[in-house]
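Peer 1: Just so we're aligned, residue 416 is where the sequence shown starts under the working numbering, counting upward by one. For every residue, glycine included, the Cβ atom is placed at its ideal position computed from N, Cα and C. Shown below is the structure under consideration.
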Amino acid sequence: MFSWTRLANPLKMGCQFVTHFATAPQIPPNAKFWSKLFGKYLLLTNTIGSGLLLAIGDAIAQQYEGFGEKKAFDYSRSGCMMITGSVIGPVQHGFYLLLDGLLPGTSGWGVLHKILVDQLIMSPIYIFLFFYVSSLLGGKTFVECNSELSEKFLYTWMLDCCFWPGLQYLNFRFLNSLYRVVFVNVANCVYVVLLSHIKYGFSYHDP
């Protein structure tokens with residue numbers, strides 16, 4: 416005895432297939448790339464980004480310092496800045512993750528607390544690493560590094576206190592914690608122009 420089985424309508428199946436893919440949310444081609452860049456590989460992103468942006472800032476500083484003069488570009492100096500930034504990047508990465516963990520939220524007082532901690536802890540660490548790493552890479556001894564740091568630390572930290580609090584307010588109040596270091600490093604393109612001038616073109620002993 417024969418039994419009849421109702422076959423699925425292939426035309427109907429085809430329409431459902433087309434309708435599903437026409438109405439389903441489309442994932443942008445670069446979404447996966449950015450999700451990895453600021454997710455799984457966030458530490459690497461912050462490290463490489465810090466190095467590159469510090470080098471860019473130094474390149475701008477060199478152009479400013481050589482304005483109106485025929486001065487050769489110092490690739491070694493910018494290379495030292497890139498390595499210095501690559502050393503500082505992981506430190507900033509860990510610090511801001513810890514800061515957001517200890518002081519969560521984006522309320523007014525919470526943001527002010529973050530700014531205070533940033534200026535009292537991260538800022539001195541950044542200045543210390545900036546001068547020490549770049550100076551050691553430039554061939555200076557520890558004694559010379561100590562001398563330079565003692566001469567320029569207070570001035571640099573005061574400049575830091577004038578430059579960063581307003582920017583960090585925007586950073587802590589409105590940005591996702593994943594973009595903390597990227598924001599800081601982009602702003603560093605301007606700040607490093609000042610730091611490079613302090614390091615390479617400034618001295619209290621200048622007339």
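For the alpha helix (DSSP H) containing residue 497, name the first residue and the last one.
Peer 2: 490 to 517
Peer 1: Counting only runs that start and end within the stretch 522 to 604, where is the alpha helix (DSSP H) found for 4 or more residues in a row?
Peer 2: 523 to 532, 538 to 552 and 557 to 589
Peer 1: Which first and last residues belong to the alpha helix (DSSP H) in which residue 480 is found?
Peer 2: Counting along the chain, the alpha helix (DSSP H) containing residue 480 begins and ends at 457 to 480.
Peer 1: Looking only at its own chain, which residues have a Cβ that is under 6 Å from the Cβ of residue 507, when we skip the five neighbours before and after it?
Peer 2: 596
Peer 1: In chain order, what residues of the same chain lie with their CB nearer than 8 Å to the CB of residue 457, ignoring the 5 residues before and after it?
Peer 2: 508 and 593
Peer 1: Can the beta-carbon of residue 586 be found less than 9 Å from the beta-carbon of residue 472?
Peer 2: Taking 9 Å as the Cβ cut-off, residue 586 and residue 472 do not qualify as a contacting pair.
Peer 1: Would you mind sorting residue 455 into buried or exposed? The rule is 16 or more other CB atoms within 10 Å of its CB.
Peer 2: Classification of residue 455: exposed, given that the 10 Å Cβ count is below 16.
Peer 1: Using the rule of at least 16 other Cβ atoms within 10 Å of the residue's Cβ for burial, across every protein chain shown, is residue 591 buried or exposed?
Peer 2: exposed
Peer 1: Residue 503 and residue 580 - do their beta-carbons sit closer together than 9 Å?
Peer 2: no
Peer 1: Using three-state DSSP, classify residue 614 as helix, strand or coil.
Peer 2: In this structure, DSSP gives residue 614 a helical state, which the three-state scheme calls helix.
Peer 1: Buried or exposed for residue 469, going by 16 or more other Cβ atoms inside 10 Å?
Peer 2: Its Cβ being crowded by 16 or more others within 10 Å, residue 469 is buried.
Peer 1: Please determine if the stretch 489 to 499 and the stretch 511 to 523 are in contact, where contact requires at least 3 C-beta pairs separated by less than 8 Å.
Peer 2: no
Peer 1: Using a Cβ-Cβ cut-off of 8 Å (strictly less than) and excluding sequence neighbours within five positions of residue 576, which residues of its own chain qualify?
Peer 2: 534 and 538
Peer 1: Leaving out five residues before and five after residue 588 in sequence, what residues of the same chain have Cβ atoms less than 6 Å from its Cβ?
Peer 2: 521 and 526
Peer 1: Classify residue 558: buried if its beta carbon has 16 or more other beta carbons within 10 angstroms, exposed otherwise.
Peer 2: exposed
Peer 1: Let me know if residue 614 comes out buried or exposed under the rule of 16 or more other beta-carbons within 10 Å of its beta-carbon.
Peer 2: buried
Peer 1: Give me the Cα-Cα distance between residue 549 and residue 601, rounded to the nearest whole angstrom.
Peer 2: 19 Å
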